[in-house]
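Start counting at 1 in the sequence shown, then tack on 356, and there's your number in this note's numbering. For each residue, glycine too, the CB sits at the ideal point set by N, CA and C.
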Amino acid sequence: PATLPEREGWVDREKLHDITGRSRKPQMAMAEKFGIDDYAQPAGGCCFLTDKSYSAKLVDLWKARDSRDYELDDVMLLKVGRHIRPKAHFKLIVAREEGEGRFMQGYKRDYISMLCTSHSGPLVLLDGSLSAEDLYLAASITARYGQGRDAEQVDMAIMEKDGSERTIQVKPLAVDKMPEEWLI
């Protein structure tokens, strides 16, 4: 959709360059083309808004909250993990590797978290309001990303924000049962 600057005639989208990603090489080449050689060193890699995956996660955050009101921690968590939204009222943030899991450990008091205890698997944070049925769905999705993905049942620890913990057994969600539109 057209942005406000486009609708007001301030910007012509057709004249904009297709600059995406974190690399600053296209901007530096353009500066050279126009004979500009005195400019501040670009801080390549720091503008996450040019990253399509990050931008999609930010838009999802805004839609889920029906507001653009968020905390720094919300923005930090957009940088890590697989974000999966199986229902409009909650999403999972699944650590992709050990470093992300360690980072996400710092948020366990702010979110319900899950971890497979019968097999090796990722830490998962749950954002939103979940019913008991939602917790089972989230646990089966979580199990799908661990070493128990082919097991008949796995044990999943659910840690509440207050530190209380319980274990449930779930069947891991089959790969073909997870709709593509759940992935953010």
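Length-filtered (4 minimum) alpha helix (DSSP H) runs lying within the stretch 409-447: Qualifying alpha helix (DSSP H) stretches, in chain order: 428-434.
Buried/exposed call for residue 541, threshold 16 Cβ in 10 Å: The structure shown has nothing for residue 541, since the chain only spans 357 to 540.
At least three beta-carbon pairs within less than 8 Å, the stretch 471-483 to the stretch 508-517: Output reads yes: the stretch 508-517 touches the stretch 471-483.
For residue 481, the first and last residue of its enclosing beta strand (DSSP E): Residues 480-484.
Beta bridge counterpart(s) of residue 491 as assigned by DSSP: Answer by DSSP bridge pairing: none, since residue 491 is not bridged.
Residue 503 - DSSP class collapsed to helix/strand/coil: Here residue 503 sits in coil by DSSP.
Residue 522 in three-state terms, based on DSSP: The DSSP-derived three-state label of residue 522 is strand.
Outcome for residue 528 when other beta-carbon atoms lying within 10 angstroms are tallied against a minimum of 16: Counting of Cβ neighbours within 10 angstroms places residue 528 among the buried residues, the total reaching 16 or more.
Residues bridged to residue 468 (per DSSP): As a beta-bridge residue in DSSP terms, residue 468 pairs with 482.
Delimiting residues of the alpha helix (DSSP H) encompassing residue 384: 381-389 is the span of the alpha helix (DSSP H), which, as asked, contains residue 384.
Per-residue burial, residue 498 [other beta carbons within 10 Å of its own, 16 or more giving buried]: Result: buried.
Assigned secondary structure, residue 449 (DSSP; H/G/I helix, E/B strand, else coil): Strand, per DSSP.
Residue range of the unbroken beta strand (DSSP E) whose run includes residue 512: For residue 512, the uninterrupted beta strand (DSSP E) run begins and ends at 510-515, by DSSP.
Euclidean distance between Cα positions of residue 442 and residue 361: Here the alpha carbon of residue 442 sits roughly 34 Å from the alpha carbon of residue 361.
DSSP state of residue 539 mapped onto helix, strand, coil: Here residue 539 sits in strand by DSSP.
Inter-residue CB distance, residue 538 and residue 440 (contact presumed, cutoff 8 Å): About 5 Å separates the beta carbon of residue 538 from that of residue 440, a gap short enough to meet the 8 Å contact definition.
Residue 361 (DSSP reduced to helix, strand or coil): Residue state, collapsed to three classes: helix.
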